[in-house]
Amino acid sequence: MGRVYNFSAGPAVLPEEVLAEAAAEMLDYRGVGMSVMEMSHRSKPFAEIIETAEADLRELIGIPDNYKVLFLQGGASQQFAAVPMNLMRNRVADYIITGSWAKKAWKEGKIYGDARAIASSEDETFSYIPDCSDLPISEDADYVYICENNTIYGTKFHTLPNTKGKDLVADVSSCFLSEPVDITKYAVMYGGAQKNIGPAGVVIDIIREDLITDDVLEGTPTMLKWKTQADADSLYNTPPAYGIYICGKVFKWLKDQGGLEAIGKRNEEKAAILYDYLDQSKLFKGTVRKEDRSLMNVPFVTGSDELDAAFVAEAKEAGLVNLKGHRSVGGMRASIYNAMPKAGVEKLVEFMDGFEKAHA
Ligand code: PMP
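Going by numbering that gives the first Met the number 0, the residue at position 5 of the sequence shown is 4; the numbering climbs one at a time, nothing skipped.
This is the structure in structure tokens:
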């Protein structure tokens with residue numbers, strides 16, 4: 000069958016060029032005589048891999064010198080704990096609840112202090128982003144927390160919340176490097192790699208330097224203390240070395256594509272193909288308020304569980320896979336990350352149109 004169009008929410012499609020290059024280097028990485036998987040994380044070739052990856056990421060986003068980049072493990076979920084452990088000096092934080100991942104982070108925050116839910120869109124199954132222009136931000140909040148792109152529900156903050164001067168912490172797992180971003184608006188930005196950047200096993204944190212201190216909650220494990228990782232340039236212990244190597248290749252690929260400006264434009268075009276079709280379809284409906292739609296995750300339904308199931312099954316036969324929606328929304332979800340080619344989205348829309356005609 001060959002390669003399919005993979006609409007999985009994560010782990011997700013990676014650029015074919017990256018996979019082919021990694022395959023070519025698998026047995027003998029650039030004359031070293033071994034694969035990257037087999038080499039010491041303290042070796043010269045690996046030092047070059049991680050340093051180049053960080054330099055390329057800094058260049059792509061435009062990360063100023065007063066931000067640290069960390070390549071960590073434990074997934075985004077581990078940062079749900081690391082964030083309060085490293086930042087909750089007053090033991091107060093404000094969370095904006097826009098989906099399951101934000102809610103999980105908030106619940107984790109509550110283990111360590113007074114994590115307050117100051118806004119939520121749960122009343123309408125997280126199908127929109129609440130108005131965050133004038134929220135009751137806590138006077139003594141150590142930070143305001145958002146999940147910027149809600150993978151399950153398909154919403155995105157297109158405007159960042161007004162934090163009234165408080166530090167903003169954002170989980171960007173499912174929109175990392177999908178468009179240009181002004182990192183100086185964030186105190187901490189982090190995300191798991193397995194959607195837009197690389198394989199599972201790597202989580203990337205970008206942290207304003209003044210927040211990396213020894214003043215962490217009592218009992219914070221050495222590994223979860225950002226200072227441990229920052230002081231050791233992400234090499235305190237053995238890092239997810241092979242994953243970092245693939246991330247580095249994806250950063251190079253993004254630079255070759257023209258950087259975040261160009262990839263952002265392409266993502267807008269791709270998403271428009273799908274949303275324009277949904278907006279005129281008599282069978283399929285998008286589930287999200289239009290102005291809050293994600294460019295990365297597009298949930299849609301027919302309104303009939305049977306038709307949804309038939310669609311997912313027939314799409315799979317046609318080489319369009321992993322379109323089943325998350326169980327909490329039902330229906331379908333197409334994740335169209337950076338590496339999903341425009342042709343894949345066009346083929347999906349063509350297939351949806353054919354399905355619609357067949358079921359008119
Ligand atoms: N945040 C978001 C926005 C996610 O989509 C996910 C995973 N799908 C997570 C956090 C959890 O990531 P991990 O599995 O890496 O812990």
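The C-beta atom is built at its ideal place from N, Cα and C for all residues, glycine as well. All figures in this text were calculated on a predicted structure; none of them were measured in a lab.
Practice prompt. Would you identify the three-state DSSP class for arginine 367, choosing helix, strand or coil?
Written response: One cannot answer for residue 367 here, as it falls past the ends of the chain, which runs 0 to 359.
Fill in: Closest Cα partner of isoleucine 207 within the set Val320, Val12, Tyr28, Leu86
Contrary to the premise, residue 207 reads as arginine rather than isoleucine in this sequence. Relative to arginine 207, the option among Val320, Val12, Tyr28, Leu86 whose CA is nearest is Leu86.
Fill in: Beta-carbon separation (whole angstroms), alanine 118 vs tryptophan 105, contact threshold 8 angstroms
11 angstroms between Cβ atoms; not a contact.
Worksheet item: So what does tyrosine 4 bridge to, in DSSP terms?
Response: Leu319
Worksheet entry | Uninterrupted beta strand (DSSP E) stretches inside the region 108-161 (no shorter than 3 residues) | Assignment of beta strand (DSSP E) within the region 108-161, counting only whole runs of 3 or more residues, yields 113-119, 143-146 in chain order.
Item to complete: From the DSSP output, in three-state form, read off phenylalanine 70 for me.
Response: strand
Worksheet item: Hey, would you say the C-beta of aspartate 170 is under 8 angstroms away from at least one heavy atom of ligand 1?
Response: The answer is yes for aspartate 170.
Worksheet item: What's the C-alpha gap between glutamate 16 and alanine 81?
Response: Rounded to the nearest angstrom, the two C-alpha atoms are 34 angstroms apart.
Item to complete: Just the C-alpha distance for leucine 167 and asparagine 337, rounded to the nearest angstrom, thanks.
Response: Near 25 angstroms, if we compare the C-alpha coordinates of asparagine 337 and leucine 167.
Worksheet item: Whose C-beta lies closer than 6 angstroms to the C-beta of proline 239 among residues of the same chain, with five residues either side of it excluded?
Response: The beta carbon of proline 239 sits closer than 6 angstroms to those of Gln72, Gly200, Val201, all from its chain and outside the five residues before and after it, given in chain order.
Worksheet item: Taking buried to mean at least 16 other C-beta atoms within 10 Å of its own C-beta, is alanine 23 buried or exposed?
Response: exposed
Discussion item. Ligand 1 and tryptophan 252: does the residue's C-beta get closer than 8 angstroms to at least one heavy atom of that ligand?
Written reply: Short note on tryptophan 252: C-beta not closer than 8 angstroms to any heavy atom of ligand 1.
Fill in: glycine 74 Cβ short of 8 angstroms to ligand 2 heavy atom set
Absence of ligand 2 is noted for the structure shown, with ligand 1 being the only ligands found.
Worksheet item: Would the beta-carbon of serine 173 be found less than 8 angstroms away from any heavy atom of ligand 1?
Response: yes
Practice prompt. State buried or exposed for proline 220, treating a residue as buried only when at least 16 other CB atoms are found within 10 Å of its CB.
Written response: Proline 220 is exposed by the Cβ-count criterion.
Worksheet entry | Inter-residue spacing [alpha-carbon to alpha-carbon] between glutamate 268 and aspartate 291 | 16 angstroms
Fill in: Residue closest to tyrosine 66, alpha-carbon to alpha-carbon, out of His40, Ala270, Lys184
Lys184
Fill in: CB-CB length for proline 198 against isoleucine 245, believed under 8 angstroms
5 angstroms
Worksheet item: What is the rounded straight-line gap between the Cα of serine 39 and the Cα of glutamine 78?
Response: Going from the Cα of serine 39 to the Cα of glutamine 78 covers about 26 angstroms.
Worksheet item: Are there 16 or more other CB atoms within 10 angstroms of the CB of asparagine 296, so buried, or fewer, so exposed?
Response: The residue in question, asparagine 296, is buried, as its Cβ has 16 or more Cβ neighbours within 10 Å.
Discussion item. Am I right that leucine 69 and tryptophan 225 are in contact with their C-beta atoms under 8 angstroms? What's the rounded C-beta distance?
Written reply: 7 angstroms
Practice prompt. Pull up the distance between the alpha-carbon of lysine 43 and that of isoleucine 49, whole angstroms please.
Written response: 10 angstroms
Discussion item. Under 8 angstroms: do the region 302-317 and the region 330-348 share three or more Cβ pairs, one atom per stretch?
Written reply: The region 302-317 is in contact with the region 330-348.
Discussion item. Using only the alpha-carbon positions, how far apart do arginine 88 and aspartate 113 sit?
Written reply: 11 angstroms
Practice prompt. Identify every residue that forms a DSSP beta bridge with aspartate 170.
Written response: Cys146, Tyr189
Worksheet item: CA-CA distance, glycine 285 and glutamine 279?
Response: 10 angstroms
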